[in-house]
Amino acid sequence: MELLISVKFDDDTKVKLMNVIEELKRCSRKGMFFSEQNLRLTLADVLSDETDLHPMKKIVNELSLKPFTLKFTKLDRSRRDGGDIYWMVAEKNEYLQKIYDGLSAVLDEQGYEHDKKPFRPRVK
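Note that our numbering numbers the sequence shown so that position 51 is 253, with each residue one more than the last.
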């Protein structure tokens with residue numbers, strides 16, 4: 203099972219991101235685009251054979267996030283033969299990095315397999 207641990211955006215942020223997506227749609231010949239309800243900032247992509255989500259829920263609930271500000275700096279892309287992939291890049295954020303580092307440490311302690319690449323805050 204693949205489980206994404208993500209930060210949901212407030213309504214104002216979703217509207218602004220959807221405006222960027224609509225502009226990208228106008229400039230595209232075709233494509234698949236996120237819907238508003240699927241917009242998120244992924245903190246961890248966890249792979250697990252477990253079907254009991256209670257331990258994972260406990261980990262996430264213990265994060266105790268407080269509201270924070272995130273500034274998007276650019277639209278970036280990766281070129282592919284079948285079509286490019288675009289994403290919004292966010293400015294580095296110390297608070298978010300601290301959350302990511304703590305979450306990664308707990309996932310490691312609990313033996314969960316997850317992506318260990320350096321954290322880059324982005325919406326894709």
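Ideal Cβ positions, reconstructed from N, Cα and C, are used throughout, including at glycine.
Please classify residue i: is it buried, with 16 or more other beta-carbons within 10 angstroms of its beta-carbon, or exposed?
i, result
"phenylalanine 321", "buried"
"valine 325", "buried"
"proline 323", "buried"
"leucine 267", "exposed"
"alanine 246", "buried"
"methionine 203", "exposed"
"leucine 249", "exposed"
Nearest by alpha-carbon distance to residue i: which of the options is it?
i, options, result
"leucine 219", "Leu298, Asp303, Lys273 and Val308", "Lys273"
"aspartate 303", "Asp254, Lys318, Lys232 and Tyr314", "Lys318"
"serine 237", "Leu249, Leu245, Lys216 and Val248", "Lys216"
"leucine 298", "Thr244, Arg279, Val248 and Ser280", "Thr244"
"threonine 271", "Leu309, Glu315, Gly313 and Glu296", "Glu296"
"tryptophan 289", "Glu264, Met234 and Lys300", "Met234"
"glutamine 312", "Glu293, Val262, Arg231 and Ile223", "Val262"
"isoleucine 287", "Lys259, Ser230, Leu309 and Val209", "Ser230"
For the alpha helix (DSSP H) that residue i lies in, which residues bound it at each end?
i, result
"serine 306", "296-311"
"proline 257", "256-263"
"aspartate 213", "213-228"
With DSSP as the reference, identify every bridge partner of residue i, one or two as the case may be.
i, result
"arginine 279", "Tyr288"
"glutamate 315", "Leu249"
For the beta strand (DSSP E) that contains residue i, what are its first and last residues?
i, result
"aspartate 247", "242-249"
"glutamate 204", "204-210"
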